[in-house]
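Asker:
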Amino acid sequence: MAEIEEAKAVVKLVPIWMTCLVYAIVHAQSPTFFRKQGSTMDRSISPGLKVPAATFQSFINISIVFFVPIYDRLLVPIATSFSQSPSGITMLQRIGTGIFFSILSMVVAALVETKRLQAAHDDLTIPMSV
553 MAEIEEAKAV
563 VKLVPIWMTC
573 LVYAIVHAQS
583 PTFFRKQGST
593 MDRSISPGLK
603 VPAATFQSFI
613 NISIVFFVPI
623 YDRLLVPIAT
633 SFSQSPSGIT
643 MLQRIGTGIF
653 FSILSMVVAA
663 LVETKRLQAA
673 HDDLTIPMSV
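In terms of the working numbering, the sequence shown opens at residue 553 and continues consecutively.
Given below as structure tokens:
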């Protein structure tokens with residue numbers, strides 16, 4: 553009987569595993585998308601400063617370092633005032649929010665990639681600025 557209950561518990565985890573697969577796909581796509589898009593776009597910030605294409609991958613980590621304190625100091629206290637949970641939102645809600653923003657980032661990357669491919673020429677920098 554215990555084995556049946558354990559099997560039911562594992563089956564209940566399948567939806568969470570499936571949604572985490574979305575995050576894994578996003579995580580795998582970002583290095584190739586960002587580097588390829590950056591290598592063919594105009595990366596000049598000013599006349600003497602050109603951002604290397606490989607640095608686009610670091611924007612994910614930089615945004616995490618930037619937004620974690622904002623989340624911790626601003627969003628958690630606001631969420632705590634609306635919910636009964638001392639952490640603001642449940643762990644499952646955090647996972648869902650993260651997956652939502654991961655999907656949103658891939659939608660934006662796909663739109664940029666579509667525009668980049670429409671303007672792409674072999675071995676040329678396309679007229680798109682970062």
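Don't be surprised by glycine CBs; every beta carbon is placed ideally from N, CA and C.
Roughly how many angstroms lie between the CA atoms of F608 and A554, to the nearest whole one?
Answerer: In a straight line, the C-alpha of F608 is about 50 Å away from that of A554.
Asker: Starting from the C-beta of I622, find all residues in its chain whose C-beta is less than 6 Å away, skip the five residues before and the five after it, and write them out in chain order.
Answerer: Correct list: empty, nothing qualifies.
Asker: Mind checking V578: buried by the 16 CB within 10 Å criterion, or exposed?
Answerer: Burial call: buried.
Asker: Tell me which residue opens and which closes the beta strand (DSSP E) that S637 is part of.
Answerer: Neither: S637 is in no beta strand (DSSP E) and is coded neither H nor E.
Asker: With a Cβ-Cβ cutoff of 8 Å, do G582 and I616 count as a contact?
Answerer: A quick correction: the sequence has Ser, not Gly, at residue 582. No, these two residues do not count as a Cβ contact at 8 Å.
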